[in-house]
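Asker: Take this structure first; my questions come after.
Protein chains in written order, with the numbering used here: chain H, 1286 to 1900; chain S, 150 to 343.
Structure, rendered in structure tokens:
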């Protein structure tokens, strides 16, 4: 049977079919949909599935489940692997009992912000095998294979995908679920599960290296494919595979190829054998020349001179996701032929000039709109210029405060980093106030240690926690601060209490829909010596609308509106439309209004009114 | 054989739902499918575009000059896809314009319709105009604009009408009759070309 599944959905299906009993992760594009797909089925499947507080904790949970004999998987985006790596590097040395799979999705081409990190290097650094997925079907099949390998070698296995596979859907052949229901059991073995002695650590290192070789033997013939047809060769891996196949079929190309499905360890012998028949080679892999460098090593050691096209000679870029066009161009370079003409560049240039750019702002009714408006006004109220006040931003919806019309945030580094950076600016000698903004989920994830540090070191800074109750940017996942609902966890951890527990003394709570009060409270907090925390609390407007919490909408009184457009320029709310009408312009608030009421407060003419009786 | 469909619009117009119905239809027909969706920050006013590739396809995205048909729900969004139009390929243009935030106060900055048409003509596209908003209003369901266009696309592409209507029925939660009416109106306003 076939189903239309994205790469991530296919991984979810693979998890079900493999009999996995513990699934955890932290949301992050382009990996989120694995747990997003599974979580609603948790009860029916009878297995534990959770959004953990961060990727490191998620990895530890999955690991212990595997040590107790269960199959377990942890999912994350590439940045999450950086967070998890501290634990994972140690875990890999110890190995595992039940199958343990680490699913990570890279984002070449940056579909969702952040770095173009090549996570394949973690497999080398951590000394663990890594399978590299190149299609939606493999997304399912490799999950099952990864569990099989992990249990055979008794060590964790990395499973890596990229956005152009994880987010694209295709017809995927699905199989049957195996239910394992293993009994949990763990035996004490400190030479394997602790690391206080050099000899134990080095033995564990040796074990990891041995496991790598075993993994390679098990999967070699199953994931690496060879096709021999002439002296021109291509070594291809990951997402580049599909566009390569598209080109081979479209132009009926005659060439040899080796498709690699395990990137650590690489199939040295197979590559050596393949190179024997090749005079000119193209290496197709997105991001860094990970395979290409190794192919050069293998070719050097085998003493055969081969022309190698790839990143080192500039044929291909180390940036972005490879389009069909780029793959086609590289094949043209390999074969020294012209394969097909393209659209007239004049037409494309002209179209690009005319194109309508659609800058993103906050959603209709977003509480962050009120918070950033209030921060800017508080800065002004204290007679500072906006250009003089550093506001460090953080990951998630809250970073949109860097965009027009607010332009409040200055930096974005990593989860929780806004609070750490703010302290560094103060110690560097920035005398004017420094502010940090951070969302609720980001705060729980990695914002607590830097808050404790700031309190302990008594740094003067203001931390604004924008608490909308959801991990909204990635698609409204629950987090420890989410209000208990029918479908969510009944526990709720109050950020204010967490801040108190971290030793913060000056903590205030505002409702960002109440602008005047918010401005005053933020201004006071900025003036407060030492650490001040403002929790700006109001549920994500899209989520509260889904829950039918409707606020009265607003309308423009056409007699009072002068068409000054202050509302538009200060809030940029997508619910507003401006109708230029003769000399006098007129604003309209469309029915998509979520009733935040901010426009009413910023209108200098008092021309915006609440629609009474309408909810 | 490949059939490559490019669909574009802005958040809230139902581009993804429309595309998904086509992808599911192709599955029903036992075809291979690649379904790419770029959603990004659609909720926050961003553009949305999907690519549905049917038949002997491998890559996730439509290669240059290979789109057999386009459905453009927001007029200017076609400008981002000119590279893909196959000569003689069909472009179904909806008349709708949606201004981004920084253009709201200056609608005159929106690209001129004549210029868009000229570029499409230069790219040798076969343009088919549809006022989907008007038709959707006629059937009494303004949000069914996407289904008007689905009807038009199905007719032009000579899709199995019964089959795609079945997929449509399964995928819409409410107002089924009005959605089907919107589909039928779209189906009737165009003529199949293949």
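Each residue gets a CB set at the ideal place from its N, CA and C atoms; glycine is no exception.
Are residue 1387 of chain H and residue 1443 of chain H closer than 8 Å when you measure CB to CB?
Answerer: A contact, by the Cβ cut-off of 8 Å.
Asker: Count Cβ pairs between the stretch 1517 to 1536 of chain H and the stretch 1486 to 1495 of chain H that sit closer than 8 Å; are there 3 or more?
Answerer: With the cut-off at 8 Å, the stretch 1517 to 1536 of chain H and the stretch 1486 to 1495 of chain H do not touch.
Asker: Roughly how many angstroms separate the alpha carbons of residue 324 of chain S and residue 287 of chain S, rounded to a whole number?
Answerer: Using only the alpha carbons, I get a separation of about 14 Å.
Asker: Could you check if residue 252 of chain S is buried or exposed, using at least 16 other CB atoms within 10 Å of its CB as the buried criterion?
Answerer: With 16 or more Cβ atoms within 10 Å of its Cβ, residue 252 of chain S is classed as buried.
Asker: Note the first and the last residue of the continuous beta strand (DSSP E) segment covering residue 151 of chain S.
Answerer: Here the beta strand (DSSP E) through residue 151 of chain S covers 151 to 159.
Asker: Enumerate in chain order the residues of its own chain whose CB-to-CB distance from residue 1740 of chain H is below 7 Å, with the five nearest sequence positions on each side excluded.
Answerer: Once the five neighbours on either side are set aside, the close Cβ partners of residue 1740 of chain H are 1787, 1788, 1789 and 1816.
Asker: Could you check where the alpha helix (DSSP H) with residue 1352 of chain H kicks off and where it finishes?
Answerer: Counting along the chain, the alpha helix (DSSP H) containing residue 1352 of chain H begins and ends at 1340 to 1352.
Asker: First and last residue of the beta strand (DSSP E) that includes residue 1662 of chain H?
Answerer: From DSSP, residue 1662 of chain H is part of no beta strand (DSSP E) but of the alpha helix (DSSP H) over 1652 to 1666.
Asker: Classify residue 172 of chain S as buried or exposed, calling it buried when 16 or more other Cβ atoms lie within 10 Å of its own Cβ.
Answerer: Looking at its Cβ environment, which holds 16 or more other Cβ atoms inside 10 Å, residue 172 of chain S is buried.
Asker: Over what stretch of residues does the alpha helix (DSSP H) that includes residue 1296 of chain H continue unbroken?
Answerer: Note, residue 1296 of chain H: alpha helix (DSSP H), 1292 to 1302.
Asker: At which residues does the beta strand (DSSP E) containing residue 236 of chain S begin and terminate?
Answerer: Where residue 236 of chain S is concerned, the enclosing beta strand (DSSP E) stretches over 234 to 243.
Asker: Using the beta-carbon of each residue, which ones in chain S are nearer than 7 Å to residue 1584 of chain H?
Answerer: Those do not exist, as residue 1584 of chain H stays about 28 Å from chain S at its closest Cβ, beyond 7 Å.
Asker: Going by DSSP, what residue range makes up the alpha helix (DSSP H) through residue 249 of chain S?
Answerer: Segment: none, residue 249 of chain S is in no alpha helix (DSSP H) and carries neither H nor E.
Asker: Output, in chain order, the set of chain S residues within a Cβ distance shorter than 9 Å of residue 1530 of chain H.
Answerer: Residues of chain S passing the Cβ test: 207 and 208.
Asker: Would you mind reading off the limits of the alpha helix (DSSP H) that contains residue 1320 of chain H?
Answerer: First-last of the alpha helix (DSSP H) with residue 1320 of chain H: 1318 to 1323.
Asker: Determine the extent of the beta strand (DSSP E) in which residue 1822 of chain H is found, giving its start and end residues.
Answerer: Here the beta strand (DSSP E) through residue 1822 of chain H covers 1816 to 1822.
Asker: Roughly how far, in whole angstroms, is the beta-carbon of residue 157 of chain S from the beta-carbon of residue 198 of chain S, given that I think they are within contact range, below 8 Å?
Answerer: So it is a contact: roughly 4 Å between Cβ atoms.
Asker: If you follow the beta strand (DSSP E) that residue 1724 of chain H is part of, which residue opens it and which one closes it?
Answerer: Here the beta strand (DSSP E) through residue 1724 of chain H covers 1719 to 1724.
Asker: Please list, in chain order, the chain S residues whose beta carbon lies closer than 8 Å to that of residue 1282 of chain H.
Answerer: There is simply no residue 1282 of chain H to check, as chain H begins at 1286 and stops at 1900 in what is shown.
Asker: For residue 1600 of chain H, which residues of its own chain have a beta-carbon under 6 Å away from its beta-carbon, when the five flanking residues on both sides are left out?
Answerer: Taken in chain order, the residues that qualify are 1594, 1615 and 1618.
Asker: Going by other Cβ atoms of all chains shown within 10 Å of its Cβ, with 16 needed for buried, is residue 1759 of chain H buried or exposed?
Answerer: Residue 1759 of chain H comes out buried.
Asker: Please classify residue 293 of chain S: does DSSP put it in a helix, a strand, or coil?
Answerer: Note: residue 293 of chain S maps to helix in three-state DSSP.
Asker: Helix, strand or coil: how does DSSP classify residue 1791 of chain H here?
Answerer: Three-state DSSP puts residue 1791 of chain H in a strand.
Asker: Ignore the nearest five residues each way along the sequence and tell me which others in residue 1575 of chain H's own chain have a CB closer than 8 Å to its CB.
Answerer: The answer, listed in chain order, is 1403, 1405, 1406 and 1548.
Asker: Report buried or exposed for residue 1463 of chain H, applying the criterion of at least 16 other Cβ atoms within 10 angstroms of its Cβ.
Answerer: Under this definition residue 1463 of chain H is an exposed residue.
Asker: Quick one, which residues of the stretch 247 to 258 of chain S are near chain H if we go by CB-CB under 9 Å, in chain order?
Answerer: Flagged, chain order: 247, 248, 249, 250, 251, 252, 253, 254, 255, 256, 257 and 258.
Asker: Any beta carbon from chain H within less than 8 Å of residue 185 of chain S's own beta carbon?
Answerer: Yes, residue 185 of chain S lies at the interface with chain H (some Cβ there is under 8 Å from its Cβ).
Asker: Taking the continuous beta strand (DSSP E) assigned at residue 1609 of chain H, which residues delimit it?
Answerer: That residue, residue 1609 of chain H, is in no beta strand (DSSP E); its alpha helix (DSSP H) goes 1609 to 1620.
Asker: So which residues of chain S does residue 1635 of chain H contact, with C-beta pairs closer than 7 Å?
Answerer: Under the 7 Å cutoff, chain S gives 268.
Asker: Report the rounded CA-to-CA distance for residue 243 of chain S versus residue 250 of chain S, giving the unit in angstroms.
Answerer: Distance between the alpha carbons of residue 243 of chain S and residue 250 of chain S is about 21 Å.
Asker: How is the beta strand (DSSP E) around residue 1361 of chain H delimited, first residue to last?
Answerer: 1357 to 1362 is the span of the beta strand (DSSP E), which, as asked, contains residue 1361 of chain H.
Asker: Got a sec? Which residues, its chain only, sit under 6 Å from residue 184 of chain S by beta carbon, not counting five neighbours each side?
Answerer: Once the five neighbours on either side are set aside, the close Cβ partners of residue 184 of chain S are 172 and 201.
Asker: Under 8 Å, do residue 1810 of chain H and residue 1842 of chain H count as touching if we go by C-beta distance?
Answerer: Not closer than 8 Å, so no.
Asker: Quickly, what does DSSP pair residue 1747 of chain H with across the bridge? List them, please.
Answerer: DSSP lists H:1720 and H:1817 as partners of residue 1747 of chain H.
Asker: Which residue from S:310, S:307, S:312 and S:295 puts its Cα closest to that of residue 328 of chain S?
Answerer: Measuring from the Cα of residue 328 of chain S, the nearest candidate turns out to be S:295.
Asker: Going along the chain, which residues of its own chain have a beta-carbon closer than 6 Å to the beta-carbon of residue 219 of chain S, five neighbours each way excluded?
Answerer: These residues qualify, in order along the chain: 155 and 240.
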